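The structure under discussion appears below in the form of structure tokens.
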Amino acid sequence: MSELTEIRKKYELVDLFCNLAEQPSPSTHEEKVINWIQNYCKDNNIPCTLDNYKNVVIRIPATDKSKDSLMLSSHMDVIGDDSPVKPYLEGVNIHAEGRTLGGDDKAGVANILLFAKEVANSNISHGGVEIMFTRDEESGMSGIHHAEFDKFNSKYVLVCDSDTLGQFEIAGASYTLLIISVKAPKGGHSGIDIADKTRKNAGKLIADIISKCPQGLFYEENGQTVTSCNLGGIVAGDFKVTNIINTDAKVSYSIRSSSRSKEEELKNEFRKVVDDFNKENEGIAKAECVFEEHLPPFEKSNDEYLPILFETSAKKIVVTPDITTFHAGAETHIYANKTNAKGEKFIPYLVGLATVCNMHSSREYLDYTTILKGHEVLQEFFKDFNRD
Ligand SMILES: [Zn+2]
0 MSELTEIRKK
10 YELVDLFCNL
20 AEQPSPSTHE
30 EKVINWIQNY
40 CKDNNIPCTL
50 DNYKNVVIRI
60 PATDKSKDSL
70 MLSSHMDVIG
80 DDSPVKPYLE
90 GVNIHAEGRT
100 LGGDDKAGVA
110 NILLFAKEVA
120 NSNISHGGVE
130 IMFTRDEESG
140 MSGIHHAEFD
150 KFNSKYVLVC
160 DSDTLGQFEI
170 AGASYTLLII
180 SVKAPKGGHS
190 GIDIADKTRK
200 NAGKLIADII
210 SKCPQGLFYE
220 ENGQTVTSCN
230 LGGIVAGDFK
240 VTNIINTDAK
250 VSYSIRSSSR
260 SKEEELKNEF
270 RKVVDDFNKE
280 NEGIAKAECV
290 FEEHLPPFEK
300 SNDEYLPILF
310 ETSAKKIVVT
320 PDITTFHAGA
330 ETHIYANKTN
340 AKGEKFIPYL
350 VGLATVCNMH
360 SSREYLDYTT
370 ILKGHEVLQE
380 FFKDFNRD
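The numbers in the sequence shown follow numbering that gives the first Met the number 0, run straight up by one, and end at 387.
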């Protein structure tokens with residue numbers, strides 16, 4: 000018997016994780032894993048349905064209606080193709096032969112699914128558990144975008160998709176694309192027309208604009224990045240053609256911020272550069288800023304109940320809690336900007352219930368001891384959440 004087979008026999012959660020990992024589920028092609036989860040739920044008395052977009056939804060009714068329900072969420076798709084997933088053990092780490100394991104985010108799905116089985120088949124007093132396993136997080140977030148948020152009663156959501164055991168992220172950054180373009184319509188020949196001061200080169204003009212624009216860290220709080228911007232690409236003229244006075248040029252930036260007001264401040268700095276430029280170059284050239292919000296910010300909530308609760312539960316299991324913020328995107332950002340069936344704003348957190356290393360690569364692995372610990376943290380947290 001292989002080492003992994005022994006570990007799978009010993010720990011139900013490791014076996015559940017491997018079973019889920021063995022169902023390849025590239026983004027938007029999650030049929031196999033959805034089917035597997037539906038059968039698991041049928042066999043284990045877990046009430047499971049699919050929403051209109053085939054996200055999996057599980058609702059375990061409250062045994063005490065005076066208590067609040069809790070929502071748990073993770074995504075079913077993984078980076079990687081439809082090829083077979085063959086897990087193997089190396090020390091305490093589970094890898095997959097020659098491809099991604101899919102610990103991101105099958106670790107979250109496995110943890111929540113076993114938890115659902117435990118709660119659905121116990122008689123502990125609780126306010127209900129709502130679960131959503133989404134499709135297509137990695138490529139387009141279409142699963143979460145199609146979610147039927149107004150059918151959930153919970154206010155608090157644990158999005159179990161962080162890659163480090165004990166992590167509890169309370170805010171995350173938006174993503175906005177900024178394109179600044181310049182048009183200097185006169186153009187002309189680089190020899191004959193070069194002395195004409197009304198024929199400015201758009202390539203040079205975009206460089207002037209860039210030199211006045213912010214770049215990098217814009218705002219931080221307690222040593223953590225809140226707002227930043229980064230230049231992506233510059234397009235002007237043709238590298239091989241030097242006898243034309245360029246008429247068009249553009250530059251792209253990413254803007255990331257976990258604070259809407261700081262993001263607005265940063266955008267205003269860009270706008271001011273462009274306004275000043277347009278005043279200075281009236282009649283000769285014109286620049287324009289276009290902002291496109293791709294992901295809204297996941298702003299920090301003033302409600303500190305859950306972070307405190309998580310810190311306490313994690314410490315009881317001897318897991319070091321890391322209450323922090325992250326400068327990237329996740330499904331938390333969508334929840335944070337939606338409301339539930341009662342019209343309350345969701346308060347989500349990005350939580351790490353296992354440690355997955357080298358995510359999104361064929362060197363990916365899951366330390367199985369961390370998922371076991373993560374499960375204990377979840378159980379303890381739920382007890383504390385439902386304490387009288
Ligand atoms: Zn993920």
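All C-beta atoms in this analysis are idealised placements derived from N, C-alpha and C, irrespective of residue type, glycine included. In this text the structure is predicted, and so the values were computed from the model without any measurement.
Return yes when at least one heavy atom of ligand 1 lies under 8 Å from the C-beta of D135, else no.
The answer is no for D135.
Any idea what DSSP makes of S73, helix, strand or coil?
It is a strand residue.
Taking contact to mean 3 or more Cβ pairs, one atom from each stretch, closer than 8 Å, check whether the stretch 13 to 25 and the stretch 100 to 115 are in contact.
Yes: the two stretches touch, three or more of their Cβ pairs being nearer than 8 Å.
Output yes or no for whether 9 Å exceeds the beta carbon distance between E220 and K315.
The criterion of a C-beta distance shorter than 9 Å is not satisfied by E220 and K315.
With a threshold of 6 Å on Cβ separation, who are the neighbours of E29 within its own chain once the five nearest residues in sequence on each side are excluded?
Closer than 6 Å at Cβ, skipping near neighbours: M75, D76 and R134.
Compute the Euclidean distance between the alpha carbons of A335 and T241, then round it to the nearest angstrom.
Distance between the alpha carbons of A335 and T241 is about 50 Å.
Flag this pair as yes or no: are the beta carbons of V91 and A20 separated by less than 9 Å?
Cβ distance not < 9 Å, so V91 and A20 don't count as in contact.
Are the CB atoms of L176 and E5 within a distance shorter than 9 Å?
Not closer than 9 Å, so no.
With distances taken Cα to Cα, identify the nearest neighbour of K53 among F132, C40, Q22 and A95.
Ranking the options by Cα distance to K53, first place goes to F132.
How many whole angstroms separate the CB atoms of H326 and F297, which I take to be in contact at a CB cut-off of 8 Å?
Not really, about 11 Å apart at Cβ, beyond 8 Å.
For K266 and V273, what's the separation of their Cα atoms in angstroms?
Cα to Cα, K266 sits roughly 11 Å from V273.
In this structure, how does DSSP classify K185 when only helix, strand and coil are distinguished?
The answer is coil: DSSP assigns K185 none of H, G, I, E or B.
Nearest neighbour of S161, chosen from N38, G373, D387 and D383 [CA to CA]:
Among N38, G373, D387 and D383, the Cα nearest to that of S161 belongs to G373.
Which same chain residues, not among the five before or five after S24, have their C-beta less than 6 Å away from its C-beta?
Result list for S24: V32, M75, D76 and V77, in chain order.
Would the beta-carbon of K211 fall within 9 Å of that of N245?
No. Outside cutoff.
Who are the Cβ neighbours of F309 in its own chain at under 7 Å, not counting the five residues just before and after it?
Hits under 7 Å: F167, P320 and F380.
Based on Cα-Cα distance, which residue from T368, L352, L113 and V376 lies nearest to N44?
Of the residues T368, L352, L113 and V376, the one whose Cα lies closest to the Cα of N44 is L113.
Does the beta carbon of A329 fall short of 8 Å from some heavy atom of ligand 3?
Absent from the structure shown: ligand 3. Ligands present: ligand 1.
DSSP state of R259, grouped into three classes?
The three-state secondary structure of R259, taken from DSSP, is helix.
Per-residue DSSP class, three states only, for H125:
In this structure, H125 counts as coil in the three-state DSSP scheme.
Nearest to L377 by CA position, among T27, Y39 and V128, is which residue?
Out of T27, Y39 and V128, V128 has the C-alpha closest to the C-alpha of L377.
Do you know how far the Cα of I59 is from the Cα of V350?
Rounded to whole angstroms, V350 to I59 spans 21 Å at the Cα level.
How many Å lie between E147 and P184 at the Cα?
Straight-line Cα distance between these residues: approximately 49 Å.
Through-space distance from I346 to S124, alpha-carbon basis
Within the model, the alpha-carbon separation for S124 versus I346 is close to 23 Å.
Mind listing which residues have their beta carbon within less than 5 Å of any non-hydrogen atom of ligand 1? Chain order is fine.
Here the residues come out as D103, D104 and D160.
Assuming the contact rule is C-beta atoms closer than 8 Å, C288 and F269 should be a hit. Round their C-beta distance to whole Å, please.
Sure, about 6 Å apart at Cβ, within 8 Å.
Counterpart residues of N229 in DSSP-defined beta bridges:
N229 is bridged to S253.
Below 8 Å on the Cβ atoms is my guess for I36 versus P46; work out the distance and round it to an integer in Å.
At roughly 13 Å, the Cβ-Cβ gap does not stay under 8 Å, so I36 and P46 are not in contact.
What distance in whole Å lies between the Cβ atoms of A61 and G126, which are believed to be in contact at a cut-off of 8 Å?
Approximately 5 Å separates the beta-carbon atoms of G126 and A61; this is inside 8 Å, confirming the contact.
Taking just the CA atoms, how far does S72 sit from C159?
Here the C-alpha atom of C159 lies approximately 6 Å from the C-alpha atom of S72.
Which one of M358, K64 and E117 has the shortest CA to CA distance from E375?
When only C-alpha atoms are compared, the closest one is E117.
In the structure shown, what three-state DSSP assignment does N92 receive?
Secondary structure of N92 (DSSP, three-state): strand.
According to DSSP, simplified to helix, strand and coil, what is H397?
Residue numbering for the chain in the displayed model covers 0 to 387; residue 397 lies beyond these limits and cannot be assessed.
Using a Cβ-Cβ cutoff of less than 6 Å, which residues in the same chain neighbour I233 once the five nearest sequence positions on both sides are dropped?
Excluding residues within five positions, the ones whose Cβ falls inside 6 Å are V250.
From the DSSP output, which residues share a beta bridge with D366?
D366 pairs with N92.
Among N120, S173, S312 and A248, the one whose alpha carbon lies nearest that of K285
The candidate whose alpha carbon is nearest that of K285 is A248.
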